[in-house]
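First comes the structure, then the notes that go with it.
Numbering (this note's numbering), first residue to last: 15 to 552.
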């Protein structure tokens with residue numbers, strides 16, 4: 015790829031993508047305060063019948079407000095404050111007449127609907143409803159809809175920018191099956207022909223995080239307690255995995271301790287922390303994490319250095335409780351704000367439990383998965399989900415590791431990370447917010463560095479050439495080759511020595527032998543390429 019070449023996207027965009035991805039005036043005209051969702055699931059026909067009550071505040075005048083619901087799901091009835099209301103459908107959106115709404119007033123929108131939801135082809139990446147059977151042949155059903163969207167199975171404002179303040183979920187399932195969801199289990203009603211499970215989330219929640227898992231689960235509980243917080247640990251696993259899970263889930267305590275050390279207390283203490291065994295590998299469903307790693311180390315027994323022993327799915331999806339669930343991106347094009355930060359927390363967990371050198375080994379283990387063929391940032395205001403690589407995860411993690419190295423002060427870096435998290439907890443964040451925060455905290459402009467790593471596929475290249483050497487010192491010249499012409503990442507060789515390359519001209523410096531060896535190994539701390547140019551006399 016030529017330096018500075020405009021990145022092309024694999025996805026061709028149309029009006030429907032903008033309808034899904036943009037915060038249009040029909041969406042920004044209202045703020046969702048609360049969802050109350052009821053869904054009846056037929057495990058035989060794979061049909062759902064539901065009702066969603068949406069409490070909203072009307073903010074500014076529009077002819078209609080947009081609610082999202084996939085076109086294969088049919089609306090029986092729609093009302094606002096108990097009055098039937100006109101609407102029309104456009105692709106996967108529902109445009110609801112807003113002529114009777116008044117600015118500043120609150121309303122309750124009620125939608126009755128039914129249909130067969132999208133079947134997941136490759137969950138959780140290609141999501142929807144997952145209809146499986148456990149090893150005893152019993153129904154085992156789950157939902158994973160990140161990317162696809164919550165509107166694939168329930169009506170909502172399906173945009174990352176607007177989370178309800180709280181939510182209730184009620185699920186009706188055949189007798190003997192559990193219906194497990196997010197937050198607090200309020201009660202189970204077994205008095206009728208079907209069992210009904212009532213759940214409550216008492217915090218803001220992304221719509222794609224709302225989920226349900228249905229099966230023959232067995233519960234066991236525990237408690238996490240530290241100097242600053244105490245909350246319930248709730249575990250739901252298939253009944254025949256109960257004994258195995260009781261041992262395997264011991265690692266949760268140390269993980270939560272590590273995250274609290276770096277970022278502060280677990281953000282959803284009132285709702286507790288839960289792992290729910292699912293028929294797919296995993297997903298970060300808030301306070302009800304989907305777990306399907308078969309009680310193995312690493313990822314399905316792979317992708318982990320031999321001397322490390324933790325469950326990747328538990329670790330990564332739990333990191334999303336902070337990055338993704340508490341601090342949420344505004345647009346799908348900026349999902350690195352979820353994935354890069356959660357992946358970086360894996361390395362910090364290793365550092366907390368095994369030391370910094372082990373964390374560096376873990377990062378080096380991730381490095382071969384970086385492809386450098388697409389930008390970490392995707393296009394915004396469209397429903398973009400087709401990232402071709404996992405660079406937003408692993409390159410994003412190394413981007414954060416590079417920023418840490420550029421601080422050259424670990425205490426300062428961790429203070430920044432914690433302050434950025436705490437400022438945006440339970441809210442939404444953009445790349446510009448991150449850029450602004452790091453500039454204000456460090457009193458340094460990181461614009462060119464962030465732009466290079468997030469918007470250009472190729473890595474910056476540090477070129478150097480030896481001009482002169484003797485037994486004690488080596489004189490070199492050096493420069494950056496980068497897409498961003500003002501790229502100005504500083505490189506620390508020691509407490510006394512740093513390089514300040516630029517992209518316009520060669521600079522010269524004299525290094526001792528130890529500093530020269532550090533120069534040649536800078537890739538341990540920075541996401542860069544290093545290129546030796548033939549020795550020169552000039």
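In this text, a Cβ means the ideal position worked out from N, Cα and C, and glycines have one as well.
Under 6 angstroms Cβ to Cβ from residue i, same chain only, skipping five residues before and after it: list those, please.
{"i": "residue 263", "result": "249"}
{"i": "residue 520", "result": "491, 493"}
{"i": "residue 478", "result": "490, 492"}
{"i": "residue 467", "result": "413"}
{"i": "residue 210", "result": "186, 203"}
{"i": "residue 362", "result": "276"}
{"i": "residue 144", "result": "134, 137, 156, 293, 294"}
{"i": "residue 547", "result": "477, 479"}
{"i": "residue 331", "result": "296, 298, 303"}
{"i": "residue 83", "result": "108, 165, 169"}
Should residue i go down as buried or exposed, given a rule of 16 or more other Cβ atoms within 10 Å for buried?
{"i": "residue 33", "result": "buried"}
{"i": "residue 137", "result": "buried"}
{"i": "residue 41", "result": "buried"}
{"i": "residue 97", "result": "exposed"}
{"i": "residue 534", "result": "exposed"}
{"i": "residue 142", "result": "buried"}
{"i": "residue 409", "result": "buried"}
{"i": "residue 538", "result": "exposed"}
{"i": "residue 545", "result": "exposed"}
{"i": "residue 207", "result": "exposed"}
{"i": "residue 234", "result": "exposed"}
{"i": "residue 380", "result": "buried"}
{"i": "residue 293", "result": "buried"}
{"i": "residue 320", "result": "exposed"}
{"i": "residue 123", "result": "buried"}
{"i": "residue 300", "result": "buried"}
{"i": "residue 296", "result": "buried"}
{"i": "residue 117", "result": "exposed"}
{"i": "residue 314", "result": "exposed"}
{"i": "residue 411", "result": "buried"}
{"i": "residue 369", "result": "exposed"}
When you compare the CB positions of residue i and residue j, do they come within less than 8 angstroms of one another, or not?
{"i": "residue 175", "j": "residue 344", "result": "yes"}
{"i": "residue 94", "j": "residue 121", "result": "yes"}
{"i": "residue 305", "j": "residue 317", "result": "no"}
{"i": "residue 128", "j": "residue 61", "result": "yes"}
{"i": "residue 185", "j": "residue 53", "result": "yes"}
{"i": "residue 471", "j": "residue 372", "result": "no"}
{"i": "residue 148", "j": "residue 217", "result": "no"}
{"i": "residue 365", "j": "residue 334", "result": "no"}
{"i": "residue 236", "j": "residue 48", "result": "no"}
{"i": "residue 256", "j": "residue 245", "result": "no"}
{"i": "residue 540", "j": "residue 419", "result": "yes"}
{"i": "residue 78", "j": "residue 158", "result": "no"}
{"i": "residue 251", "j": "residue 291", "result": "yes"}
{"i": "residue 430", "j": "residue 488", "result": "no"}
{"i": "residue 153", "j": "residue 59", "result": "no"}
{"i": "residue 387", "j": "residue 367", "result": "no"}
{"i": "residue 329", "j": "residue 287", "result": "no"}
To which residues of the same chain is residue i closer than 7 angstroms at the C-beta, ignoring the five residues directly before and after it?
{"i": "residue 397", "result": "31, 34, 35, 346"}
{"i": "residue 399", "result": "161, 346"}
{"i": "residue 102", "result": "109"}
{"i": "residue 46", "result": "68, 70, 171, 176, 178"}
{"i": "residue 260", "result": "234"}
{"i": "residue 232", "result": "251, 253, 256"}
{"i": "residue 37", "result": "173, 175"}
{"i": "residue 324", "result": "265, 311"}
If I'm right that residue i touches residue j with Cβ under 8 angstroms, what's the distance once you round it to whole angstroms?
{"i": "residue 542", "j": "residue 476", "result": "5 angstroms"}
{"i": "residue 280", "j": "residue 270", "result": "6 angstroms"}
{"i": "residue 391", "j": "residue 348", "result": "6 angstroms"}
{"i": "residue 55", "j": "residue 86", "result": "About 16 angstroms; that fails the 8 angstroms criterion."}
{"i": "residue 222", "j": "residue 164", "result": "5 angstroms"}
{"i": "residue 495", "j": "residue 469", "result": "Not really, about 17 angstroms apart at Cβ, beyond 8 angstroms."}
{"i": "residue 309", "j": "residue 268", "result": "With a Cβ gap of about 17 angstroms, residue 309 and residue 268 do not count as contacting."}
In chain order, what residues of the same chain have a beta carbon less than 8 angstroms from the beta carbon of residue i, not counting five sequence neighbours either side?
{"i": "residue 119", "result": "71, 72"}
{"i": "residue 213", "result": "182, 183, 184, 185, 195, 196, 197, 198, 199, 200"}
{"i": "residue 435", "result": "277, 278, 336, 337, 340, 341"}
{"i": "residue 532", "result": "507, 508"}
{"i": "residue 274", "result": "240, 242, 243, 280"}
{"i": "residue 92", "result": "98, 99, 101, 108, 110, 123, 124, 125, 126"}
{"i": "residue 443", "result": "341, 342, 343, 344, 351"}
Across the stretch 100-108 and the stretch 52-71, are there enough close Cβ pairs to call them in contact, namely three or more that are closer than 8 angstroms? Contact annotation: the stretch 100-108 does not touch the stretch 52-71, with fewer than three C-beta pairs closer than 8 angstroms.
For the stretch 347-358 against the stretch 184-203, do three or more pairs of beta-carbon atoms, one drawn from each stretch, fall closer than 8 angstroms, so that the two count as touching? The count of Cβ pairs closer than 8 angstroms, one atom from the stretch 347-358 and one from the stretch 184-203, stays below three, leaving the stretches out of contact.
Counting pairs of beta carbons, one from the stretch 449-458 and one from the stretch 471-490, are three or more of them closer than 8 angstroms? No: the two stretches stay apart, fewer than three of their Cβ pairs being nearer than 8 angstroms.
Does the contact criterion of 3 or more C-beta pairs under 8 angstroms hold for the stretch 325-341 versus the stretch 434-451? When C-beta atoms of the stretch 325-341 are compared with those of the stretch 434-451, three or more pairs fall below 8 angstroms, so the two segments count as touching.
Examine the Cβ distances between the stretch 523-532 and the stretch 494-503 and report whether three or more of them are shorter than 8 angstroms. Verdict: no, contact absent.
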